[in-house]
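Counting along the sequence shown from 1, when you hit position 39 you're at 39 in UniProt numbering, and nothing is skipped either side.
What follows is one structure encoded as structure tokens, with my remarks underneath.
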Amino acid sequence: MGVLALAACQPGGEQAPAAQPSAAPAPPVAPVAADGRDYAACADGNCEVQVSAGTRIALGGHGGADTLAVDAVEGRGIKYQRQGKRSGSGSLSTGCVARIWSTGGGSACSTTGEPPAIYPEDGILAMQVVGVDGGTAVLRLVAGKAGPPPTSLVIPMPSFTVPTP
Numbered sequence: 001m002g003v004l005a006l007a008a009c010q011p012g013g014e015q016a017p018a019a020q021p022s023a024a025p026a027p028p029v030a031p032v033a034a035d036g037r038d039y040a041a042c043a044d045g046n047c048e049v050q051v052s053a054g055t056r057i058a059l060g061g062h063g064g065a066d067t068l069a070v071d072a073v074e075g076r077g078i079k080y081q082r083q084g085k086r087s088g089s090g091s092l093s094t095g096c097v098a099r100i101w102s103t104g105g106g107s108a109c110s111t112t113g114e115p116p117a118i119y120p121e122d123g124i125l126a127m128q129v130v131g132v133d134g135g136t137a138v139l140r141l142v143a144g145k146a147g148p149p150p151t152s153l154v155i156p157m158p159s160f161t162v163p164t165p
């Protein structure tokens with residue numbers, strides 16, 4: 001009794017090459033901050049720095065904030081507090097932009113994965129998390145001139161007169 005051995009053949013009778021194991025995907029590259037950990041570069045409201053929990057950045061009044069403090073780097077973003085004319089806290093993730101000014105703030109996130117563009121606006125500080133690697137994040141800040149925000153962002157306050165008795 002004979003044994004018949006079959007080999008995988010391509011058309012024309014050639015043997016198919018052995019399957020090669022696929023290479024493992026490369027680990028994600030950690031983002032690099034243009035200004036490293038030079039937080040003094042943020043004094044004019046424009047910088048790209050590496051931050052971690054406990055980082056404090058002096059902002060010189062841009063966006064109505066004197067200081068930005070990073071409370072935590074978690075998941076894809078940061079939790080922060082701002083101190084100044086109007087203090088507050090918030091969180092910011094990659095793919096989103098936060099804009100703060102002396103009388104308020106707001107944020108916008110992309111549905112396409114590409115973060116919204118940020119650009120200098122007088123009286124406004126725009127913030128964007130460029131990337132996160134473990135307990136550190138790269139934070140981009142962009143500001144125009146320090147001072148009041150555009151009038152379109154200022155909530156008008158009614159004037160009151162107190163009648164005299």
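Glycine residues also receive a C-beta, built at the ideal position from the N, C-alpha and C atoms.
All values derive from a computational prediction rather than experimental measurement.
Closest Cα partner of residue i within the set the options
i, options, result
"G105", "L59, S87, V130, T55", "S87"
"V130", "E121, P163, G113", "G113"
"Q128", "Q50, A43, R37", "Q50"
"A69", "T55, S102, H62", "T55"
"E121", "K85, Y80, T151", "T151"
"P37", "D44, S52, G45", "In the sequence on display, residue 37 carries Arg and not Pro. The candidate whose alpha carbon is nearest that of R37 is S52."
"Y119", "G90, V97, A137", "V97"
"L141", "K85, S107, R99, V162", "R99"
Buried/exposed call for residue i, threshold 16 Cβ in 10 Å
i, result
"T164", "exposed"
"V138", "buried"
"A108", "exposed"
"A117", "exposed"
Counterpart residues of residue i in DSSP-defined beta bridges
i, result
"T67", "A58, Q83"
"R37", "DSSP output for R37 lists no bridge partner at all."
"E74", "G77"
"G106", "R99"
"I124", "E121"
"E48", "R140"
"V129", "L139"
CB contact below 8 Å: residue i versus chain C
i, result
"D66", "The structure shown contains no chain C; it is built from a single protein chain."
Cutoff 6 Å; reference residue i; Cβ partners in own chain excluding five residues on either side
i, result
"A41", "D35, C47"
"H62", "G45, L125, A143, A146"
"G123", "W101, G147, P148, P149"
"G135", "S52, V73"
"K85", "G64, S102"
"P31", "V130, G131, V138"
"V162", "none"
Residue i and residue j closer than 8 Å at C-beta
i, j, result
"D71", "Q83", "no"
"residue 219", "I78", "Outside the modelled stretch of the chain, which goes from 1 to 165, sits residue 219, for which no answer is possible."
Same chain, Cβ closer than 7 Å to residue i, neighbours up to 5 away in sequence not counted
i, result
"R76", "S93, T94, V132"
"L59", "C42, G45, A65, D66, T67, L68, L125"
"A33", "E48, V49, Q50, V138"
Own chain, CB closer than 8 Å to residue i, minus 5 neighbours either side, in chain order
i, result
"Y39", "C47, V49, T55, R56, I57, A58"
"S110", "G95, C96, P116"
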